[in-house]
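J.: Counting in the working numbering, the final residue of the sequence shown is number 693, and the numbers go up one at a time with none missing. Every residue, glycine too, gets a C-beta built ideally from N, C-alpha and C. From a predicted model like this one, the values you see are computed outputs, not experimental measurements. This is the structure, below, for whatever I ask next.
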Amino acid sequence: MNSLSDSFEKAKAFARDLPPSGRWTLIGVPLALMAGFALLLSGNIGTRDEAPVSWGKVFASSELRSAEQALIEAGLTDFRTHGQRIFVPAAEVDAYNAALMVDGRLPGDSLSEFERQFDKSGLFTSREQLADLRNIALRKEVRKTLAAVKDIESADVLWSVKQSGEWPRREKKTAATVSLMPRRGTALTPERVASIRSAVAGMVPDLSEEDITVLDQSTGAAHAFEANGPLDDRTQAAVAAHTRRYRETISQALAYIPGALVNVSVDLDPVRREVERRQSVDSKQTVTVESAETTRNRSSNQTPPQGEPGVASNQPGSVSVGGPLTETRDEQSDSAMRVVPSWTTSERELRAAKPEAVRVAVSIPESYHDAVAAGRGLTRGEDEASKAAYAQAVDAIRLAEEEKVRERVATLIPAGSPATAVHVTTVTPIEPDVPPLVIPWTESVGELVSRWGSTALLCVVAAVGLLVLRRGMTLPEPAPPAALEERLDRLAVAGRIGPNGKVEEDDDQPKSQRDRVAELAAHDPEAVAAVLNSWLRNAA
């Protein structure tokens with residue numbers, strides 16, 4: 154306790170001895186340092202108010218380049234990439250999310266509205282209430298995202314969940330209706346409808362694109378999902394897959410031509426499913442398909458006629474015996490046979506989404522023909538005749554190479570492609586004159602200040618504070634070592650100070666004021682230093 158009280162008294166005396174400017178500096182510098190470090194840790198110095206797009210999604214490398222390209226095409230360039238995330242101004246994050254949603258690159262992972270809704274829940278909130286809060290939050294987030302689309306004035310979404318079956322085979326099916334009001338002078342394109350349907354299906358749980366109906370409030374038309382339509386994701390994926398496959402195959406076949414450009418366009422067969430049946434008949438070979446044989450036997454006995462019947466009607470006939478019995482037998486046999494020629498039936502089922510026609514455009518750089526001519530030993534020459542002969546030879550090489558490429562490509566595409574499906578031409582590539590990127594020094598200085606300005610400002614404030622405190626403090630000047638040794642030697646010779654540094658009493662001579670000061674300095678040097686410091690300050 155004594156050490157604490159002594160320290161407090163010394164600090165109090167030190168603050169009391171400081172001038173007013175030193176006291177204010179002593180109070181203000183620590184406060185400024187603490188406030189500066191607090192702002193630096195909070196991240197609000199030198200940075201603008203930003204928020205990540207797609208609710209903080211970490212994009213893959215290919216997704217990141219695609220998302221940046223989509224934002225640039227939409228005219229939204231005020232963004233920066235940090236790592237695998239894209240940061241934009243917080244006030245415009247909805248517009249950026251809407252641009253990514255229209256392009257089909259928006260994930261369904263919204264958390265801001267969910268957090269605000271779940272903050273309202275309490276300890277005794279039931280599961281049904283939590284589900285209602287979640288649906289409300291999700292509906293608000295979807296509405297806000299759809300309304301931020303460039304050509305959409307207002308939007309709303311409603312969905313319902315239907316449960317069928319009994320436990321444990323209970324199934325859930327979600328159906329939704331998206332109501333959109335386009336801005337004046339604009340219309341909903343089929344591409345925009347398909348992208349919005351995909352985005353909503355990604356944001357609402359247990360919802361598929363087949364169960365989403367988009368309602369255009371300006372015309373009252375409802376756009377239902379069309380399976381295998383021209384805008385179906387599976388159709389687009391099939392077109393992209395076939396295009397990529399043919400482009401890679403043709404590019405590999407033309408790898409011997411440096412700088413050749415290959416463009417491929419694929420048309421899919423509109424027939425979803427095709428079954429082909431064939432039947433062939435061979436008249437030389439027959440097959441018995443039915444055979445029948447019938448036999449009938451008939452026998453009869455006949456007695457000869459007897460005497461003439463009686464004259465009277467009620468008289469019996471004569472009982473006299475006639476001639477012998479006559480027996481007759483008849484046998485008949487029938488057979489039937491049906492013979493048909495043999496036939497063969499074959500059935501073939503063709504897969505859907507097959508390429509119907511493929512169109513290819515190949516661009517050959519002009520330098521390739523010159524390289525071929527140089528490989529054959531042809532030179533341009535110096536005179537006009539040599540130059541004309543060289544140009545004619547190069548032109549013949551060009552025609553031959555183009556025809557060779559045309560034949561090679563024709564063997565790699567489907568046979569049903571039109572005759573003009575392969576287009577080969579020679580181009581002269583022109584290197585674009587890209588000006589060097591010059592960053593203004595003001596932008597460099599601004600970025601340097603925004604990144605390190607807060608730290609430099611804190612260092613300057615700390616240095617100024619220490620300098621002001623140093624000027625406000627008056628420290629006693631130490632005595633020169635030589636003068637101090639001479640003074641001690643003089644006192645030792647006079648017998649005032651002993652070998653152990655203590656002042657010895659001298660009974661022969663009376664103590665002077667100087668002796669008393671020396672004795673006081675030996676016992677309490679701090680008090681003597683404080684008194685001298687006060688004298689010097691008053692003298693100054």
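Does the distance from the C-beta atom of L341 to that of D304 stay below 9 Å?
T.: Taking the first residue of the sequence shown as 1, we reach residue 341 at position 188. Taking the first residue of the sequence shown as 1, we reach residue 304 at position 151. Their beta carbons are under 9 Å apart, which means L341 touches D304 by this criterion.
J.: According to DSSP, simplified to helix, strand and coil, what is P582?
T.: Your numbering for residue 582 matches position 429 in the sequence shown. Coil, per DSSP.
J.: Cα-Cα, which of A354, A510 and V415 is closest to D422?
T.: In the sequence shown, counting from the first residue as 1, residue 422 sits at position 269. Residue A510 is the option with its Cα nearest to D422.
J.: Should D202 go down as buried or exposed, given a rule of 16 or more other Cβ atoms within 10 Å for buried?
T.: One-based indexing of the sequence shown puts residue 202 at position 49. Answer is exposed; the Cβ neighbour count stays below 16.
J.: On a Cα-Cα basis, can you pick out the residue from V614, S687, A391 and L689 that is closest to V182?
T.: Locating residue 182 in the sequence shown gives position 29, counting from the first residue. Distances from the alpha-carbon of V182 to those of V614, S687, A391 and L689 put V614 closest.
J.: Beta carbon of E306, beta carbon of M334: below 9 Å?
T.: In the sequence shown, counting from the first residue as 1, residue 306 sits at position 153. In the sequence shown, counting from the first residue as 1, residue 334 sits at position 181. Contact: yes.
J.: Return helix, strand or coil for W320, following the three-state DSSP convention.
T.: As a position in the sequence shown, residue 320 is number 167, starting the count at 1. W320: coil per DSSP, three-state reduction.
J.: Could you tell me which of T581, Q485, E162 and P593 sits nearest to S520, measuring between CA atoms?
T.: Along the sequence shown, read from residue 1 onward, the residue named residue 520 stands at position 367. Checked all of T581, Q485, E162 and P593; the closest Cα to S520 is T581.
J.: Contact defined as beta carbons within less than 8 Å: I believe A248 pairs with L229. What is the distance between those atoms, to the nearest angstrom?
T.: Translated into the one-based positions of the sequence shown, residue 248 becomes position 95. Translated into the one-based positions of the sequence shown, residue 229 becomes position 76. Yes, they are in contact, since the Cβ atoms of A248 and L229 sit about 7 Å apart, within 8 Å.
J.: For I180, which three-state DSSP category applies?
T.: Against the sequence shown, residue 180 aligns to sequence position 27. Of the three classes helix, strand and coil, the one that applies to I180 here is helix, per DSSP.
J.: Looking at the structure shown, is P588 part of a helix, part of a strand, or coil, going by DSSP?
T.: Here residue 588 corresponds to residue number 435 of the sequence shown, with the count starting at 1. Here P588 sits in coil by DSSP.
J.: Would you say the stretch 392-404 touches the stretch 353-373, given that touching needs at least three Cβ pairs under 8 Å?
T.: no
J.: Hey, how far is the Cα of N197 from the Cα of D369?
T.: The residue given as residue 197 occupies position 44 in the sequence shown. The residue given as residue 369 occupies position 216 in the sequence shown. Since pLDDT at N197 reaches only 46, below the 50 mark, its modelled position is unreliable, and no value is offered.
J.: Whose C-alpha, out of A213, K210, I239 and H235, is nearest the C-alpha of L224?
T.: The residue labelled residue 224 in the question sits at position 71 within the sequence shown. The candidate whose alpha carbon is nearest that of L224 is I239.
J.: What does the Cβ neighbour count give for L590, buried or exposed, with the cut at 16 atoms within 10 Å?
T.: The residue you call residue 590 lines up with position 437 of the sequence shown. With fewer than 16 Cβ atoms within 10 Å of its Cβ, L590 is classed as exposed.
J.: Going along the chain, which residues of its own chain have a beta-carbon closer than 7 Å to the beta-carbon of A574, five neighbours each way excluded?
T.: Position 421 of the sequence shown, counted from the first residue, corresponds to residue 574. Cβ neighbours of A574 beyond the five flanking positions: A510, V511, R512, V513 and I566.
J.: Quick one: is L552 buried, meaning 16 or more other Cβ sit within 10 Å of its Cβ, or exposed?
T.: Locating residue 552 in the sequence shown gives position 399, counting from the first residue. Exposed, because fewer than 16 other Cβ atoms sit within 10 Å of the Cβ of L552.
J.: Which whole runs of the beta strand (DSSP E) in the stretch 312-369 are 3 residues long or more, in chain order?
T.: 324-335 and 365-369
J.: For E162 and A168, I'd like the C-alpha separation in whole angstroms.
T.: In the sequence shown, the residue the question calls residue 162 occupies position 9. In the sequence shown, the residue the question calls residue 168 occupies position 15. Looking at the two C-alpha atoms, the distance is approximately 10 Å.
J.: Within the chosen definition, does the stretch 441-452 reach the stretch 544-561 through at least 3 CB pairs nearer than 8 Å?
T.: no
J.: Residues in the same chain with beta-carbon distance under 7 Å from A647, minus the five sequence neighbours each way, listed in chain order, please.
T.: Start at 1 with the first residue of the sequence shown, and residue 647 comes out as number 494. Reliability of the predicted coordinates at A647 is poor, the pLDDT of 48 falling under 50, and no value is obtained from them.
J.: Hey, would you say V515 sits closer than 9 Å to T578, going by beta carbons?
T.: Here the question's residue 515 lines up with position 362 in the sequence shown. Here the question's residue 578 lines up with position 425 in the sequence shown. For V515 and T578, yes; Cβs fall inside 9 Å.
J.: Using three-state DSSP, classify F161 as helix, strand or coil.
T.: Mapped onto the sequence shown, residue 161 falls at position 8. F161: helix per DSSP, three-state reduction.
J.: Across which residues does DSSP place V577 in a beta bridge pair?
T.: Residue 577 sits at position 424 when you count from the first residue of the sequence shown. V515.
J.: State the beta-bridge partners of P242 as determined by DSSP.
T.: As a position in the sequence shown, residue 242 is number 89, starting the count at 1. Note: P242 sits in a beta bridge opposite E203.
J.: Out of D159, A301 and Q282, state which residue places its alpha-carbon closest to the alpha-carbon of V246.
T.: Taking the sequence shown and counting its residues from 1, the one referred to as residue 246 is at position 93. Nearest C-alpha to V246: A301.
J.: Once you ignore the five residues that flank E446 on each side, which residues in its own chain have a CB closer than 6 Å to its CB?
T.: Indexing the sequence shown from 1 puts residue 446 at position 293. Once the five neighbours on either side are set aside, the close Cβ partners of E446 are S488.
J.: Please say whether A406 and V310 have beta carbons closer to each other than 9 Å?
T.: Numbered from 1 along the sequence shown, position 157 holds the residue referred to as residue 310. Numbered from 1 along the sequence shown, position 253 holds the residue referred to as residue 406. Contact flag unset, no.
J.: Sorted by chain position, which residues of the same chain lie with C-beta nearer than 6 Å to H376's C-beta, five sequence neighbours on each side aside?
T.: The residue labelled residue 376 in the question sits at position 223 within the sequence shown. Taken in chain order, the residues that qualify are V346 and V367.
J.: Does H522 pass the burial test, meaning 16 or more other C-beta atoms within 10 Å, or should it be called exposed?
T.: Locating residue 522 in the sequence shown gives position 369, counting from the first residue. Buried, because 16 or more other Cβ atoms sit within 10 Å of the Cβ of H522.
J.: What did DSSP end up calling T230 once you bin it into helix, strand or coil?
T.: Translated into positions along the sequence shown, residue 230 becomes position 77. Coil.
J.: Out of R350, I289 and P593, which has the shortest C-alpha to C-alpha gap to L299?
T.: The count along the sequence shown starts at 1 and reaches residue 299 at position 146. Selected option, being the one with the closest Cα: R350.
J.: Would you mind stating whether Q485 and R431 have Cβ atoms separated by less than 9 Å?
T.: By one-based count along the sequence shown, residue 485 stands at place 332. By one-based count along the sequence shown, residue 431 stands at place 278. No. Outside cutoff.
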